[in-house]
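Just below is one structure, and these are the notes that go with it.
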Amino acid sequence: MGLAALNKDSLIALPEKKGINDSRIKLSLSAYSFNSMFRNGELTMNEFIDYCDDLNLDGTELTSYYFESDTDSYLLGLRNKCFHLGLEISGTAIGNNFVTSDKDKRREEVESVKKWIDKAVLLGAPTIRVFGGYEIPDGHTEKDAYDWVISSLQECVDYAGQKGIVLAIENHGGFPTTSGQVIHIVREINSPWFGVNLDTGNFSGDWYRQIAELAPYAVVVQLKVKLKSTVEGGRPITADVEQIFKLLKNEGYRRYVALEYEEDRPYEEIPGWIARMKTCID
40 MGLAALNKDS LIALPEKKGI NDSRIKLSLS AYSFNSMFRN GELTMNEFID YCDDLNLDGT
100 ELTSYYFESD TDSYLLGLRN KCFHLGLEIS GTAIGNNFVT SDKDKRREEV ESVKKWIDKA
160 VLLGAPTIRV FGGYEIPDGH TEKDAYDWVI SSLQECVDYA GQKGIVLAIE NHGGFPTTSG
220 QVIHIVREIN SPWFGVNLDT GNFSGDWYRQ IAELAPYAVV VQLKVKLKST VEGGRPITAD
280 VEQIFKLLKN EGYRRYVALE YEEDRPYEEI PGWIARMKTC ID
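With my numbering applied, the sequence shown covers 40 to 321.
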């Protein structure tokens, strides 16, 4: 049966793949879970790392937006702190936009990504979450966006491979968003140094089908606890965490799942969600 014909219940019934050690999935927490606190200066990256340690996580995802500095000494300090706590840096995340007709701006974005590849090496982060870009500008087509994104990312991926860093493109709500768009880009670039940052909360519908389609390409997974409503103005839908983990296990996924919490009261709610995720890998 094709994935397009599968519903949520039938996905649960898919047979498990044999010979896969499901316990290889590890858990992390995205710094973006505290976006407003970082932006308001209420939380530092060092304090966030301590919180990940308090939660007994395997790793910590250090979003670059919140670094107090991008100097080598600062990044090495974060790396050293994580090492002594026994935490892995599961990855970092940057913001970039290749969806522009301005070739000079695309060149600036490529150079920025290369800069952060070098910073990831210092930090000890094996992956970087990247974007394709934002909304396709008026007067341009999806083909234009593919051309801009693929050519720009190809150069970045070639550079990342020389440094031992894997770039992971996210279905982040601009371009690309759908599983089909993401897969097209991944197949065109076709490199072991490039994969998918599967964000479970950014699809506008057919959530579990699209998660299942991207799972084979995922090198990082960011799990959101809410899914977008298919009804305009409707409330977000609580994610079926167990279902998502089952889909990942079915594909033999054995890397990090990072909780990216975007709701209210993170300190009060995150521990419960982490505990629920831990039951999914026991």
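C-beta atoms are modelled at their ideal positions from N, C-alpha and C, and glycine is treated no differently.
None of the values given here were measured: they were computed from a predicted structure.
Can you look up V264 in the DSSP assignment and give me helix, strand or coil?
coil
What do you get for Q201, buried or exposed, if any count of 16 or more other CB atoms within 10 angstroms of its CB means buried?
exposed
Consult DSSP for F137 and reduce its assignment to one of helix, strand or coil.
coil
Cβ contact check for the segment 189 to 201 and the segment 235 to 246: 3 or more pairs under 8 Å
no
G234 lies in the alpha helix (DSSP H); which residues open and close that run?
First-last for G234: F233 to D238, but that is the beta strand (DSSP E), not the alpha helix (DSSP H).
Report all residues from its chain with a CB closer than 8 Å to the CB of R274; omit the five preceding and five following residues, and keep chain order.
S268
Using a threshold of 8 Å, state whether the C-beta atoms of A297 and E100 are closer than that.
yes
If I follow the unbroken beta strand (DSSP E) through V270, where does it start and stop?
V270 -> no beta strand (DSSP E), and no H or E assigned at all.
May I ask you to verify whether the segment 248 to 268 touches the segment 285 to 294, counting CB pairs closer than 8 Å and requiring at least 3?
yes
Leaving out the 5 sequence neighbours to the left and right, which residues in its chain are closer than 7 Å to A159 when beta-carbon positions are compared?
T131, I167 and I204
First through last residue of the beta strand (DSSP E) which encompasses R146:
R146 -> not in any beta strand (DSSP E); alpha helix (DSSP H) instead, spanning K142 to L162.
In whole angstroms, give me the CA-to-CA distance for L183 and S230.
First, the amino acid is wrong: residue 183 is Asp here, not Leu. Answer to the nearest angstrom: the Cα atoms are 22 Å apart.
Beta-carbon within less than 7 Å of N85's beta-carbon, same chain only, minus the 5 sequence neighbours each way: which residues are those?
K120
Let me check understanding here. Comparing Cα to Cα, which of I320, E227 and R304 lies closest to V280?
I320
Looking at the unbroken beta strand (DSSP E) that takes in E127, where does it start and where does it end?
E127 to A132
Could you give the distance in angstroms between the alpha-carbon of K153 and the alpha-carbon of L206?
11 Å
Just to confirm my understanding: we take T102, look at its own chain, exclude 5 residues before and 5 after, and list those with CB closer than 7 Å. What are they?
S69, A70, Y71, T131 and A132
Under the three-state reduction of DSSP, which class applies to E194: helix, strand or coil?
helix
To the nearest angstrom, how far is it from the Cα of E341 to the Cα of N79?
Lying before the first or after the last residue shown, residue 341 is absent from the chain, which here runs from 40 to 321.
Cα-Cα, which of K263, I276, K285 and K288 is closest to P305?
K263
Kindly identify the DSSP beta-bridge partner or partners of V259.
N236
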